[in-house]
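Sequences listed follow chains A and B, in order. Mapping to this note's numbering: the first sequence position 94 is 101, numbers consecutive. Mapping to this note's numbering: the second sequence position 70 is 77, numbers consecutive. Glycine included, C-beta positions come from ideal geometry on N, C-alpha and C.
Protein chains: 2
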Amino acid sequence: MHERYGVADDDITRRRNERAHTAILEATVALLREDGYPNLRLDAVAARARVGKTTIYRWWPGKALLAIEALQTLVDPPHVTFSGDSRADVRALVTRVAEVWTEPTVGDTLPALAADTARDPEARARLVELLAPRRAADTAVLLSAAARGDLPHDVDVPLLLDVVFGTLLFRRMRGAPVDDVVDELADLVVAGRRPRVAPAP
Amino acid sequence: MHERYGVADDDITRRRNERAHTAILEATVALLREDGYPNLRLDAVAARARVGKTTIYRWWPGKALLAIEALQTLVDPPHVTFSGDSRADVRALVTRVAEVWTEPTVGDTLPALAADTARDPEARARLVELLAPRRAADTAVLLSAAARGDLPHDVDVPLLLDVVFGTLLFRRMRGAPVDDVVDELADLVVAGRRPRVAPAP
DNA sequence: CCTGTCACGAAACTCACCGTCTCGTCGCGG
DNA sequence: CCGCGACGAGACGGTGAGTTTCGTGACAGG
Chain A
8 MHERYGVADD DITRRRNERA HTAILEATVA LLREDGYPNL RLDAVAARAR
58 VGKTTIYRWW PGKALLAIEA LQTLVDPPHV TFSGDSRADV RALVTRVAEV
108 WTEPTVGDTL PALAADTARD PEARARLVEL LAPRRAADTA VLLSAAARGD
158 LPHDVDVPLL LDVVFGTLLF RRMRGAPVDD VVDELADLVV AGRRPRVAPA
208 P
Chain B
8 MHERYGVADD DITRRRNERA HTAILEATVA LLREDGYPNL RLDAVAARAR
58 VGKTTIYRWW PGKALLAIEA LQTLVDPPHV TFSGDSRADV RALVTRVAEV
108 WTEPTVGDTL PALAADTARD PEARARLVEL LAPRRAADTA VLLSAAARGD
158 LPHDVDVPLL LDVVFGTLLF RRMRGAPVDD VVDELADLVV AGRRPRVAPA
208 P
């Protein structure tokens, strides 16, 4: 065949369309925020991005994968700083998670995507990848706390992260307040202290 | 008006159709299990239940509410027994939750419903109600453990339940094993013991 | 300067499914 | 025997996903 086909697909395909590419992702984020994933129409994305629907389908196989890539920027961890105080670091971690889940674009879209990709292992894998950078950053926080001796040396970090992510997401899903439990959750992680009800004022 | 309108709607409406009513719910459960919520077609429900689509829409406003009611029987708690041993009771609780979430009909459908009802507070309320009986039963378990002195007397029961439900559901959503963490989670609840990695065999 | 190529935007199109509507049937009470 | 109302079947309109078609403009090579 021709030699040009030897180059990576992305290099060939995406050279021309920087503008369209980012415009599509931005439009998707905006519409996810306004209408939610179930009401996201690709016609609307195309219209807002001033792009033909063709262009969208040239790069993404469908609605789900487009939404996943669009969420990436929102979910990626900001800068994670280490204070050296495990309690403070973990509390910051929990707060960051609460913020992401509370963001409507993420908190509502994520369960929708989980449902949409339930029967498509490949798409599901992509969805899990979406959280990978954040999980990596948060893993580092817990490992550093463990190294400092503030967590058991053989602590199951992934499971402990699931406790934080899962508890907050579940509260979001059932409409319970999320921000209110940050401290209790941080104490649970860092001290094994089970949550108490706030004393009467 | 006529006196017959004084009777509750259900009594009037549902007298005639016992058969159709249960057939619809059973068909919905079966199709949820086979195809998943996103692929659930009401035409298919009607066909399998040998019922006109009209009959479905006579009683349910749409797909979401029908699915919620169909899940009810699966989510309702079986018999909850108290052994008197808090650790054993809590472990049984966690196991029950893991079983429900693992059941594909529930574990896949619940996030989908959460997404579908994100912009409809009334439907969302119904969805939360779906879990109410189970939550009530599990609340009793934790309260009895607290009364026995095995949990702090002022323990935040709802939040602790969110930890159990949320952690397991989140693991299910991200494709991680659910059954494997039952013991660790039970220990977290009953002793504040943070999860450890299993020692090498 | 001309020409072929290729990605693009716009829009028409197909297909599937939701929710509604129509119609003929059947069971039940009067 | 008659009439009412719920029923099953299926046709219908509307909406949105994903595909196809077509005309345009940017760029490269001659």
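> Using the C-alpha atoms, what's the distance from T112 of chain A back to V189 of chain B?
Replying inline: Inter-residue distance for V189 of chain B and T112 of chain A is about 32 Å (C-alpha atoms, whole angstroms).
> Since T174 of chain A meets chain B, which of its residues come closer than 7 Å, beta carbon to beta carbon?
Replying inline: For a Cβ distance threshold of 7 Å, residue set D169, V170, G173 and T174 of chain B lies close to T174 of chain A, ordered along the chain.
> Skipping 5 residues on each side, what residues in its chain have a beta carbon closer than 7 Å to that of R200 of chain A?
Replying inline: Taken in chain order, the residues that qualify are D194.
>> For V148 of chain B, which residues in the same chain have their Cβ closer than 6 Å to its Cβ, ignoring the five residues on either side in sequence?
In response: D96 and L100, listed in sequence order.
>> Tell me the rounded alpha-carbon separation between H86 of chain B and P140 of chain B.
In response: Cα to Cα, H86 of chain B sits roughly 12 Å from P140 of chain B.
>> If we define contact as Cβ-Cβ less than 8 Å, is E191 of chain B a contact residue for chain A?
In response: Yes, because at least one Cβ of chain A sits closer than 8 Å to the Cβ of E191 of chain B.
> Can you tell me where the alpha helix (DSSP H) with A183 of chain A in it begins and where it stops?
Replying inline: Counting along the chain, A183 of chain A falls outside any alpha helix (DSSP H), and DSSP gives it neither H nor E.
>> Among B:V107, B:P84, B:L47 and B:L158, whose alpha-carbon lies nearest the alpha-carbon of A71 of chain B?
In response: Checking every option, the nearest Cα to that of A71 of chain B belongs to B:L47.
> Which residues share a DSSP beta bridge with V162 of chain A?
Replying inline: DSSP output for V162 of chain A lists B:R203 as bridge partner(s).
>> Against chain B, with Cβ distances strictly below 8 Å, would V204 of chain A count as a contact?
In response: For V204 of chain A, the answer is yes, since a Cβ of chain B falls inside 8 Å of its Cβ.
> Buried or exposed: which applies to L150 of chain A, given that a residue is buried once 16 or more other Cβ atoms fall within 10 Å of its Cβ?
Replying inline: With fewer than 16 Cβ atoms within 10 Å of its Cβ, L150 of chain A is classed as exposed.
>> Tell me the rounded alpha-carbon separation between P84 of chain B and A144 of chain B.
In response: Note on geometry: alpha-carbon atoms of P84 of chain B and A144 of chain B lie some 7 Å from one another.
> Is the Cβ-Cβ distance between T116 of chain A and L78 of chain A less than 8 Å?
Replying inline: Yes. Within cutoff.
>> Using the three-state DSSP reduction, which class does V14 of chain B fall into: helix, strand or coil?
In response: Caution is warranted here: a pLDDT of 33 is assigned to V14 of chain B, below 50, making its placement in the model unreliable, and the coordinate value is therefore given only provisionally. Three-state result, V14 of chain B: coil.
>> According to DSSP, simplified to helix, strand and coil, what is N24 of chain A?
In response: Reduced to three states, the DSSP call for N24 of chain A is coil.
> Closest by CA to R203 of chain A, which one among B:V164, B:T109, B:A27 and B:R98?
Replying inline: Proximity to R203 of chain A across B:V164, B:T109, B:A27 and B:R98 peaks at B:V164, based on C-alpha coordinates.
>> Please classify D186 of chain A as buried or exposed, where buried requires at least 16 neighbouring CB atoms within 10 angstroms.
In response: D186 of chain A comes out exposed.
> Considering only residues of the segment 50-127 of chain A, which uninterrupted alpha helix (DSSP H) runs meet the minimum length of 4 residues and lie entirely inside it, listed in chain order?
Replying inline: Secondary structure within the segment 50-127 of chain A: the alpha helix (DSSP H) runs of 4 or more consecutive residues, fully enclosed, are 60-66, 70-82, 93-109, 111-114 and 116-123 (chain order).
>> Can you find the residues in the same chain that come closer than 8 Å, C-beta to C-beta, to H9 of chain B, ignoring five residues on each side of it along the sequence?
In response: Unreliable placement is indicated for H9 of chain B, whose pLDDT of 29 sits below 50; no coordinate value is reported for it.
> What residues of chain B sit near V162 of chain A, judged by a beta carbon separation below 9 Å?
Replying inline: From the beta-carbon of V162 of chain A, the residues of chain B found nearer than 9 Å are R201, P202, R203 and V204.
>> Does any residue of chain A have a CB that is nearer than 8 Å to the CB of D115 of chain B?
In response: Closer than 8 Å to some Cβ of chain A, the Cβ of D115 of chain B qualifies, so yes.
> Skipping 5 residues on each side, what residues in its chain have a beta carbon closer than 6 Å to that of F177 of chain A?
Replying inline: The beta carbon of F177 of chain A sits closer than 6 Å to no other beta carbon from its chain once the five residues preceding and following it are set aside.
> Exposed or buried, T88 of chain B, counting other C-beta atoms within 10 Å across all chains shown (16 or more means buried)?
Replying inline: Result: exposed.
> From A:L166, A:E25 and A:T61, pick the residue whose C-alpha is nearest to that of A205 of chain B; which is it?
Replying inline: Nearest C-alpha to A205 of chain B: A:L166.
> So which of A:T80, A:E25 and A:A122 has the shortest CA-CA distance to E110 of chain A?
Replying inline: That would be A:T80, whose Cα lies nearest to the Cα of E110 of chain A.
> For V135 of chain A, which residues in chain B fall below 7 Å Cβ to Cβ?
Replying inline: Ordered by position in chain B, the residues that pass the 7 Å Cβ test against V135 of chain A are R181 and G182.
> The alpha helix (DSSP H) spanning L149 of chain A covers which residue range?
Replying inline: In the DSSP assignment, L149 of chain A falls within the unbroken alpha helix (DSSP H) covering A139 to A154.
> On the three-state DSSP scale, how would you describe R48 of chain B?
Replying inline: R48 of chain B: coil per DSSP, three-state reduction.
> For a contact meaning CB atoms closer than 7 Å, what does A125 of chain A contact in chain B?
Replying inline: Those within 7 Å of A125 of chain A in chain B are G43 and D115.
>> So, with DSSP's three-state summary, where would you put D157 of chain A?
In response: Three-state result, D157 of chain A: coil.
> Since A121 of chain B and L134 of chain B are thought to touch, with beta carbons under 8 Å apart, how far apart are those beta carbons, to the nearest angstrom?
Replying inline: About 7 Å; that satisfies the 8 Å criterion.
>> So R131 of chain A contacts chain B; which residues on that side make the cut at Cβ distance below 7 Å?
In response: Neighbours of R131 of chain A in chain B, taken as residues whose beta carbon is under 7 Å from its own, are G182 in chain order.
>> With distance defined between alpha-carbon atoms, name the residue in A:E25, A:N24 and A:A54 nearest to A34 of chain A.
In response: For the residues A:E25, A:N24 and A:A54, the minimum Cα distance to A34 of chain A belongs to A:A54.
> Does DSSP classify G43 of chain A as helix, strand or coil?
Replying inline: G43 of chain A: coil per DSSP, three-state reduction.
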